[in-house]
Amino acid sequence: MGHGVYYYNIPMNTKRTLNLYDADTRAMFASGSIAGVKHTNLDLYEMERLRAINPELKCFGGFENEMVAFLAMGCDGFIGSTFNFMLPHYLKIYEAFNAGRIEEARELQVKANNIMEAIMGEGLFPSIKHILSARGVAVGEMHRPFQPLSPKAAAHVDSVVAENLVR
């Protein structure tokens, strides 16, 4: 397969779902013009069906909080905002899963999800900027309509990250 574009499947934002029964949609994914899909959709059946249409498609999960489940359904990798500070942790999940240590992968997933829950509760983008800034990465200030984390929210995020992040 040559170079192609990546289709970003995020129906929660686009309010559009794929119709994999539609001949034109099937032809598009089978054509080779689509190299892969960022599947930010919890419908793992749909991801598997895309691969059935074109086994050469690369499938990347967009929900880090479902990494183990996506891997079980044949996902090739992941693209997500939290990889900016959690890459070593996610690599451990990936390696444990691929080595057949499913319980270890699941336990690491729970720790990742504890972090995800905290940062989603306090604000995804402000939390990520706070975490990166605390690690010395110059990411700049939040832009409206987002606000920086309050000191209480920052302390909560810092505590959950320190307790759960595996490096």
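The numbers in our numbering rise by one with no breaks, and the one at position 27 of the sequence shown is 34. Beta carbons are placed, not taken as given, at the ideal position from N, Cα and C, and that holds for glycine. Predicted model only: the values in this text are computed from it and were never measured.
Asked	Found
N- and C-terminal bounds of the beta strand (DSSP E) containing Ile41	Ile41 to His46
Among Pro133, Pro158 and Pro62, the one whose alpha carbon lies nearest that of Phe151	The displayed chain sequence assigns Arg, not Phe, to residue 151. Of Pro133, Pro158 and Pro62, the residue nearest in Cα terms is Pro133.
Rounded straight-line distance, which links the Cα of Tyr13 to that of Leu94	22 Å
Collapsed DSSP secondary structure at Tyr97 in the structure displayed	helix
For Cys82, the nearest candidate out of Leu49, Leu131 and Lys118 (CA to CA)	Leu49
Val12 - DSSP class collapsed to helix/strand/coil	strand
Where Lys22 sits in the DSSP three-state scheme	coil
Residues that DSSP places opposite Gly84 in a beta bridge	Phe67
Integer Cβ distance of Asn61 from Phe36, believed to fall under 8 Å	5 Å
Exposure of His10, with buried meaning 16 or more beta-carbon neighbours within 10 Å	exposed
Spatial neighbours of Gly87 in its chain, beta-carbon cut-off 7 Å, leaving aside the 5 residues before and after	Gly69 and Glu71
Residue from Arg174, Arg108, Leu51 and Glu63 with nearest C-alpha to Ile41	Glu63
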